[in-house]
Every structure is written in C-alpha cells, then in structure tokens.
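Only one structure is covered here, and it is reproduced in the block below.
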Amino acid sequence: MVKIFSTLESEQITKAIGLAEQRTCAEITAVVVPRSDHYIAEMMLYGFVFGSLINFVLWEITGLNKFPLFFLIQLLCMFLVPFIPGLNRVLLYLLPRKLLFHRASHLGAEEILALTKAVSHEIPVVLLFISIAEHYVHILPNHRVANKVDEKSWDPIINGFILTLKRENLTKACTETIKEIATLLEPIFPEDAGKNLYEDEVRHGSK
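When the letters of the sequence shown are read in order and numbered with the working numbering, they come out as residues -14 to 192.
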C-alpha cells in the first residue's frame, strides 16, 4: 500500500473531520488517491507509437526489414510502457484532460456509492475526493445532502481548496476544506450527538 500522507498528516486530517462532525450530524470522509486509473489501454497505445518509432529508426539507419523483429519490438514496447513508473507518470500528462476528469469522477462516484451503502439512507454523507495525478478535487454528497444543498454551493469550497493548496500543502488544504464543509452543513444538518459511523474517515494511497 502506497501512502500519500505521513502518520502525523493523516492524524491532522482525521482530527479536522472529528471537529467538523462535532458541528454537524453529517458524516464527512476524505479519500485521496495517487491516480484514479492505471490507463493501461492508453499506455499500451503510447507503447505502440514508441515501438513504431523505434522500428522506423532501425529501418532508416540499418535498412533492416525483418517483420518478425519489428513485430517483437512493437509488442515489447506495448507491454513494457504501462509498467515503467517514471515514464508512465509523464505520459499521463499527455492524455486529454477530459478523459482524466472522467476517470476521476467515475472513481469518486464509486466511492460515495460505497459510503452511502455502508450506512442508513437517512444519514447525510459528504465525501471529499481528491485524485492527485489528475489534479482533480470534488465534493460528493449523498442524496440526503444533495436534496438540501445546491450543487453550486460546493464551488467556493473547492476554489478555496485550490488556493490553499497553492499557498500551503495538501494536508492544510484538506483540513481547511473539511472545516468549510462543516460550516456549510451546520445550519442544515445540526449536530445530534450521534456516534461516528465510519471507522476509516481518511483513506489515502492505493495498492
């Protein structure tokens, strides 16, 4: 398991969530992942392109025209590129932003669905979802919160996250955003002295 936050940073975010939930009955959770997808198909396509370039160079320089060798080079590039970490990260930035955001939003939707299923449908739940590689941050409420909080109400909080991240660091941006989420929810879902329903309120990293 690759972790994003240190133990101290994780504790700071957990503490911020604990303080936030003292102000509102809503369950607040943060999920931070390095990336939302491995983009295997896209990386294999890049490998195909690299293999084609290598074959072209070999053909131009050496006059080599043995198809089995070219085919083998192409296959090797296609299957190696997705698993070269440094190259993989660089190539990720060449993918269309629309695709990156789509994959990140899909994973975020899966996360809030799983959180919602874990508790009663009457419990208000809000997820702060961050995918680092895609530069994606989104606040996802369950249906109970979405019915009472306008979707655009989250935009200033997300903008605040981005500004804090530029000035400070990810941990600070998360803790400040959690406070702002509680501020928005407090008058709508006041604290009812209920118990915490999630054991793992901060999840970060990936396998």
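Positions of the beta carbon are idealized from the N, C-alpha and C atoms, including for glycine.
Tell me the residue span of the alpha helix (DSSP H) that contains PHE146. Stepping through the sequence shown from its first residue, residue 146 is reached at position 161. Per DSSP, PHE146 belongs to the alpha helix (DSSP H) from 140 to 152.
Who are the near neighbours of PRO172 in its chain, counting only those whose CB is closer than 6 Å to its CB and skipping five residues on each side? Numbered from 1 along the sequence shown, position 187 holds the residue referred to as residue 172. Nothing listed; no residue qualifies.
What is the residue span of the alpha helix (DSSP H) that ILE232 lies within? The displayed coordinates of the chain run from -14 to 192. Any statement about residue 232 would go beyond what the structure contains.
Should the region 3 to 21 be regarded as contacting the region 102 to 118, the criterion being three or more beta carbon pairs within less than 8 Å? yes
Assumed close pair ILE117, ARG188 - CB separation to whole angstroms, cut-off 8 Å: Walking along the sequence shown from the start, residue 117 turns up at place 132. Walking along the sequence shown from the start, residue 188 turns up at place 203. Wrong, their Cβ atoms sit about 14 Å apart, outside the cutoff.
Straight-line CA distance for THR160 to PHE64? Here residue 160 refers to the residue found at position 175 when the sequence shown is read from its first residue. Here residue 64 refers to the residue found at position 79 when the sequence shown is read from its first residue. About 40 Å.
As assigned by DSSP and simplified to three states, the class of ILE117: Translated into the one-based positions of the sequence shown, residue 117 becomes position 132. Three-state result, ILE117: coil.
Using the three-state DSSP reduction, which class does ILE13 fall into: helix, strand or coil? As a first step, residue 13 must be located in the sequence shown, where it is residue number 28. Strand.
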